[in-house]
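S.K.: Numbering (this note's numbering), first residue to last: 2 to 229. By construction, the Cβ of each residue, glycine as well, lies at the ideal position given by its N, Cα and C atoms.
1) So, are the CB atoms of residue 152 and residue 161 less than 7 Å apart?
2) Could you check whether residue 145 and residue 111 sit closer than 7 Å to each other, using their CB atoms as the reference points?
3) Less than 7 Å between the beta carbons of residue 136 and residue 106, yes or no?
4) For the beta strand (DSSP E) that residue 218 lies in, which residues bound it at each end?
5) In or out: residue 44 buried (at least 16 other Cβ within 10 Å) or exposed?
6) Taking only runs of the beta strand (DSSP E) that begin and end inside the stretch 99-168, which ones reach a length of at least 3 residues, in chain order?
7) Rounded to a whole number of angstroms, what is the C-alpha to C-alpha distance between residue 75 and residue 108?
8) If I'm right that residue 175 touches residue 188 with Cβ under 8 Å, what's the distance once you round it to whole angstroms?
9) Are the Cβ atoms of residue 165 and residue 217 separated by less than 7 Å?
10) In chain order, what residues of the same chain lie with their CB nearer than 6 Å to the CB of residue 116, ignoring the 5 residues before and after it?
As structure tokens, this is what we get:
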């Protein structure tokens, strides 16, 4: 049973004002949501170190600070590329993208990453799309499973696919709306804005995106021009 059209379908009539203040505010809120958990854990660890009555928990506090700081650093590195702040680079090595996806996303969630992409350079649009697709695929597997990422450059296009397979595999309705380029209706702004951003990146590059949902499987496919 499919949920949205295949990547070759026409773009929807609805457009997104990705340059508008509301969209920017939702992106900022989404990133703050991702960063607040490890940042708060670091503060909690520091509070324990400063508490005279909790000196027996010093080792636990140091472990919490260390692991949370690494998670925050990984998230920041992932976000710089996935959301476009690393604007100076015009292409990225797929092996670096694998590291960002593994450390920035899959090291902190239940599902596993199967990276089936040959070492190769990918342009900025394809790299941003790939990382966002990877994170959305991970979020589609709340009970665990495996997300297989593929990217093939051929005939002037970069074709990207993600197959998320596992129990209770699903996408939130607001994520589906974002992937179609539709405005946020009911639901959470954070999941929607990432899907909408992904849609806008792919469409601005001249590509297309689609998703198919079946029992215990979510498949996302996109293509972008291989040359900027």
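M.R.: Put simply:
1) yes
2) yes
3) yes
4) 218-226
5) exposed
6) 113-117, 122-124, 147-155, 158-166
7) 10 Å
8) 3 Å
9) no
10) 99, 150
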